[in-house]
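So in my numbering, spot 43 of the sequence shown is number 739, and the numbers just go up one at a time. As structure tokens, the structure follows; a few thoughts come after it.
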Amino acid sequence: VRDIKEKCCHLSKDILKDDPSACEQIKYTLPDGNVISIGHSRFQAPEALFRPYLIGEECEGLHQVLLYSIFKSDLDIRKTLFKNIVLSGGSTLFKGFGDRLLYEVKKMGPKNDKIIITSPSERLYSTWMGGSILAALETFKRLWVSKKEFESEGHRVIHRKTF
697 VRDIKEKCCH LSKDILKDDP SACEQIKYTL PDGNVISIGH SRFQAPEALF
747 RPYLIGEECE GLHQVLLYSI FKSDLDIRKT LFKNIVLSGG STLFKGFGDR
797 LLYEVKKMGP KNDKIIITSP SERLYSTWMG GSILAALETF KRLWVSKKEF
847 ESEGHRVIHR KTF
């Protein structure tokens, strides 16, 4: 399923204005050799990232969460954050993901700020790589919470070690 998601799904800039040819069926060969046809659902499935209500979720779209996070940051670093949006994770491999995110952020974001979205080739594993680098830092090790500490102190240990 992950391979189908990453290789067949597509995000359009504006699915409501997308041309009908975008909904053509494509063939996908399953690991057992069977061939399936995938049609409009390859556009509909990833659309839920930007319009979660399509699958019955009452939450904000990815672009809205991103904008909310940036706007909650200090005013003096917002321009820098808008110029340094980095994609990571398997769902960012959808064809058109970066273009769609840029379109949505520009539509709702500040009109005068430059918005740059970077799509690193290693983005499928970049969160894991970043976490492994962070975990290897000596300064980070003092923040670790062992199972024993958490069982004896509960969530208070997290506050004690991080704040």
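Glycine included, each C-beta is placed from N, C-alpha and C at the ideal position.
- For Ser733, the uninterrupted beta strand (DSSP E) run begins and ends at 731-734, by DSSP.
- Apart from the 5 residues on each side of it in sequence, Ser822 sits with its Cβ closer than 7 Å to the Cβ of Ser784, Pro816 in its chain, given in chain order.
- Here Ile812 is near Ile781, since their CB atoms are less than 8 Å apart.
- Straight across, the Cα-Cα distance linking Glu756 with Arg838 is about 35 Å.
- Leaving aside the five residues that flank Phe793 on each side, the residues in its chain whose CB is nearer than 6 Å to its CB run, in chain order, Leu707.
- The beta carbon of Ala741 sits closer than 7 Å to those of Cys705, all from its chain and outside the five residues before and after it, given in chain order.
- Comparing C-alpha distances from Arg738 to each of Ser787, Val841, Lys802 shows the shortest one belongs to Ser787.
- The beta carbons of Ile751 and Ile734 sit no closer together than 8 Å.
- With respect to Leu797, Glu702 sits apart: the two C-beta atoms are not nearer than 8 Å.
- When DSSP reads this structure, Thr725 sits in a beta bridge with Val731.
- Per DSSP, the continuous alpha helix (DSSP H) segment holding Pro742 begins and ends at 737-743.
- Each residue's CA atom was taken as its position, placing Glu818 and Asp699 some 16 Å apart.
- For the pair Leu777 and Val801, the CB atoms are not nearer than the 8 Å cut-off.
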